[in-house]
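One structure is given below, encoded as structure tokens.
Protein chains: 2
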Amino acid sequence: MVIDDDFYMSLAIQEAWNYQLLTYPNPAVGSVVVDNGQILSIQAHKEANTPHAEVLALKEAYLKKNPKSKLAQITDSFEIHKFLKENHNGYFSNCDIYVTLEPCNHIGRTPACSDLLVAIKPKRVIISVVDPNINASGGIKKLQDNSIQVDIGVCKSKGEDLLYPFFKYLEGKFIFFKLATRANGSIDGGYITSKESLEYVHKIRTKIDLLAIGGNTVRCDRPTLDCRFVDKSKSPNIMIYSRNNNFDKNIPLFNVKNRKVYISNKFDFNENFIMVEGGYNLLNLLYDKIDMLLLFISPNMKSLNNDEIRDMKYEILHSQRVGSDQLIFLQKKL
Amino acid sequence: MVIDDDFYMSLAIQEAWNYQLLTYPNPAVGSVVVDNGQILSIQAHKEANTPHAEVLALKEAYLKKNPKSKLAQITDSFEIHKFLKENHNGYFSNCDIYVTLEPCNHIGRTPACSDLLVAIKPKRVIISVVDPNINASGGIKKLQDNSIQVDIGVCKSKGEDLLYPFFKYLEGKFIFFKLATRANGSIDGGYITSKESLEYVHKIRTKIDLLAIGGNTVRCDRPTLDCRFVDKSKSPNIMIYSRNNNFDKNIPLFNVKNRKVYISNKFDFNENFIMVEGGYNLLNLLYDKIDMLLLFISPNMKSLNNDEIRDMKYEILHSQRVGSDQLIFLQKKL
């Protein structure tokens, strides 16, 4: 394997995917700081209103050689910027800073990353994708105007894949579908996926503008659709997609605090960031209207309808891409 | 993310998985060379009778700062060892060498890696799993006897997962099952996976001792089961698992050169490294006898039996582990 810009950028992209959808309305962004070939830090933006990826990466990189610095206790974006601007002392002068998206150039809920980069004067800034957001862009120009070498377009295609949800909600609307299946594709018969997957879905529910769900699921599963695994105080608003208005109001989802529920036979929204949860029937119906499918695959197999498949339990040893497919190595669970 | 021994060892493990099953009868092994924090190389053993992972990693690391060295042209294991022993000139004295398996200590088809490591005197050797193979082990002791610091057990669990096939065939027998499905679990209706997946399966077919297949598949699919996508001259021997001896001998698999075909109603083998190819019926029947499942998942959906699923085409944006599940982010194919 070649250890080059693509390699370091891939690490940044991979780290950012761990927080995909959780950074809304911000993009998922990753950053890596490399000092003369040594990786000092790999970080990602985790949530709106918290420090950007490159700020976390610079902080971690600084602490790598100054572990007792009071910077370790600082979490506020403005304070981290201030500390690094005042105390960098040439620390980053040999560093390459990899960022999956052009550093922001405006002061909003966090200060402009381009200003921080200009202040600490790294050797080079490497960027995967240029920011299409007119409000935040201009970062590259500012860096170049301040004589910092900027290389653009590294791992561009993978960088754009990472930003796909962001691009869509920037355009006005992003609709994604969550489907949980077993390794044989079966979806019936109780909880399918692991606790960690449920928690991730509940985290996403705290971020979305709306949760859409089919009327049949509501009638059959009688769900709650809250975020209890991560935050009991938050619950997404619900749109029940159904021709029939008639629902038993004792179904738990109707009785969650601080939530609006509406019923509609039109799959049409004013909201911008919408998760749909459902099975094959609903996915099939909505295929054309869905931007992204979030497919959770449990390593087990089970079938309620088809006698050819008994309960089979596996553990994932490893998974990797092969061409356009995903290959999963499974070990029988003992 | 913390940049520590676990991080570097994970890179070695991940690289090795790319050659899983292809290194038989050798184990899949990866190696990373880090010079004072700078990653110089990431390599894996690719195939029996070719250089071991650490040898490839040391070669690539050396070439990183000596790109015009004649070492670039040397591919034979003995010759690489010889060159590095004579020319290292202290090059590796600040290096940490990560290896997923204890370096071998015997001279066989390739020279002993432990001797090479002693000769080039790295700062430290970090090992995930101790070699259980009595013929190859002793590497750690030799390194320690020569005052090289050795750290053992880094990412041990992931290192053992990587070695699972090796452990099994070292014990005498490893049987794995190849299943190709679409994202909805469907397996009927022609080719399912990509060209790259087919090529990988054909590569594996050049390595196995035996390919087992169900009688029904032979009768219905009339397969060839050769390795034509990668090497037309090689073809695995075949065991047809069937109660009925009666097959049309015009089925292509019977007419491939240099191959033995036998039919048996017992799933019982003298061979050591066996791939089974089939669908859910056969997997269900053999679940208890299969050590590992190789599951290729195409990103598309399709159902022949079930009207609720139409043809849906997706591309994988990214995939990652979440708890015990695999999460795949899919974008609708335009």
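Chains as they are written, first to last, in my numbering: chain A, 929 to 1262; chain B, 929 to 1262. Heads up, the beta-carbon is just placed ideally off N, CA and C, and yes, glycines get one too. Since the structure is predicted, the reported quantities are computational estimates derived from the model, not experimental observations.
Handout entry: Under 8 Å between C-beta atoms of Pro-953/B and Leu-1091/B
Key = no
Handout entry: Lys-996/A, DSSP secondary structure in three states
Key = Coil at Lys-996/A, not helix or strand.
Problem - chain B contact for Ser-1021/A (CB, 8 Å cutoff) - result: no
Problem - Close Cβ partners of Pro-1164/A (< 6 Å) along its chain, the five nearest in sequence each way excluded - result: Arg-1133, Ile-1136 and Leu-1139
Problem - Residue environment, Cys-1148/B, which counts as buried when at least 16 other CB atoms sit within 10 Å - result: exposed
Practice task
Let me know the secondary structure DSSP gives Lys-1185/B once reduced to three states.
Solution key: coil
Exercise for the section: Note down, in chain order, every chain A residue with its Cβ under 8 Å from the Cβ of Glu-982/B. Expected result: Chain A residues near Glu-982/B: none, gap ~15 Å exceeds 8 Å.
Exercise for the section: Mind checking which residues open and close the alpha helix (DSSP H) that includes Gln-1001/A? Expected result: First-last for Gln-1001/A: undefined, no H or E at that position.
Problem - Spatial neighbours of Asn-1074/A in its chain, beta-carbon cut-off 7 Å, leaving aside the 5 residues before and after - result: Val-1046
Practice task
Spell out whether any CB of chain A is found under 8 Å from the CB atom of Lys-1260/B.
Solution key: yes
Exercise for the section: Identify the contact partners of Glu-1199/A in chain B, using a Cβ-Cβ distance below 9 Å as the criterion. Expected result: Those do not exist, as Glu-1199/A stays about 20 Å from chain B at its closest Cβ, beyond 9 Å.
Exercise for the section: Can you pull the chain A residues whose beta carbon is under 8 Å from the beta carbon of Asp-1219/B, in chain order? Expected result: Gln-1259 and Lys-1260
Handout entry: Contact list for the segment 1231-1255 of chain A against chain B, Cβ threshold 7 Å
Key = Glu-1236, Ile-1237, Arg-1238, Met-1240, Tyr-1242, Glu-1243, Ile-1244, Leu-1245, His-1246, Ser-1247, Gln-1248, Arg-1249, Val-1250, Gly-1251, Ser-1252, Asp-1253, Gln-1254 and Leu-1255
Exercise for the section: Could you tell me how far apart the beta carbons of Ala-1251/B and Glu-1099/A are, in whole angstroms, since I believe they sit closer than 8 Å? Expected result: A small fix is needed here, since residue 1251/B is Gly in this sequence, not Ala. Going by Cβ atoms, the distance from Gly-1251/B to Glu-1099/A rounds to 32 Å, so no, they are not a contact pair.
Problem - Tyr-1119/B, buried or exposed, once every other Cβ within 10 Å from all chains shown has been counted against 16 - result: By the 10 Å Cβ count, Tyr-1119/B comes out exposed.
Problem - Within 8 Å, strictly: CB atoms of Ser-1170/A and Gly-1143/A - result: The answer is yes: Cβ separation under 8 Å.
Handout entry: Where Ala-1111/B meets chain A, residues with beta-carbon distance less than 7 Å
Key = Leu-1223
Handout entry: Under 8 Å by beta carbon: chain A residues contacting Lys-1123/B
Key = Those are Gly-1251, listed as they occur along chain A.
Problem - Where Gln-1077/B sits in the DSSP three-state scheme - result: Note: Gln-1077/B maps to strand in three-state DSSP.
Exercise for the section: Establish whether the CB of Ile-931/B and some CB of chain A are separated by less than 8 Å. Expected result: yes
Exercise for the section: Within 10 angstroms of the Cβ of Pro-995/B, are there 16 or more other Cβ atoms? Answer buried if so, exposed if not. Expected result: Classification for Pro-995/B: exposed.
Exercise for the section: Determine which residues of the segment 1181-1214 of chain B have a Cβ less than 7 Å from any Cβ of chain A, and write them out in chain order. Expected result: Tyr-1208, Asn-1209 and Asn-1212
Handout entry: Endpoints, beta strand (DSSP E) assigned at Lys-1106/B
Key = 1102-1110
Handout entry: Distance CB(Ile-1166/A)-CB(Arg-1150/A) smaller than 8 Å
Key = no
Exercise for the section: For Val-983/A, name the three-state secondary structure that DSSP assigns. Expected result: Residue state for Val-983/A is assigned as helix, using DSSP reduced to three classes.
Problem - Any alpha helix (DSSP H) of 4 or more consecutive residues that is wholly inside the segment 1087-1153 of chain A - result: 1123-1135 and 1143-1149
Exercise for the section: Compute the beta-carbon to beta-carbon distance between Glu-1236/B and Gln-1259/B, rounded to the nearest angstrom, for a pair I have assumed lies under 8 Å. Expected result: In fact, because the Cβ distance is near 22 Å, the residues do not count as touching under 8 Å.
Handout entry: Buried versus exposed, by CB contacts within 10 Å (16 or more), Val-930/B
Key = exposed
Practice task
Step through the CB atoms of chain B and report whether any lies within less than 8 Å of the CB of Pro-1060/A.
Solution key: no
Problem - His-973/B - DSSP class collapsed to helix/strand/coil - result: DSSP places His-973/B in coil when its eight states are reduced to three.
Handout entry: Neighbour-count burial assignment, Pro-1180/A, 16 or more Cβ in a 10 Å radius
Key = exposed
Exercise for the section: Since I believe Lys-1241/B is in contact with Lys-1261/B (beta carbons under 8 Å), could you give me their beta-carbon distance rounded to a whole number of angstroms? Expected result: The beta carbons of Lys-1261/B and Lys-1241/B sit about 4 Å from each other, so the pair counts as a contact at 8 Å.
Handout entry: Bridge partner(s) assigned by DSSP for His-1246/A
Key = Phe-1257/A
Handout entry: C-alpha gap between Asn-1173/B and Phe-1182/B, whole angstroms
Key = Computed Cα separation, rounded: 13 Å.
Exercise for the section: Have a look at Met-1220/A and Arg-1249/B and give me their C-alpha separation to the nearest angstrom. Expected result: If you take the alpha carbons of Met-1220/A and Arg-1249/B, they lie about 18 Å apart.
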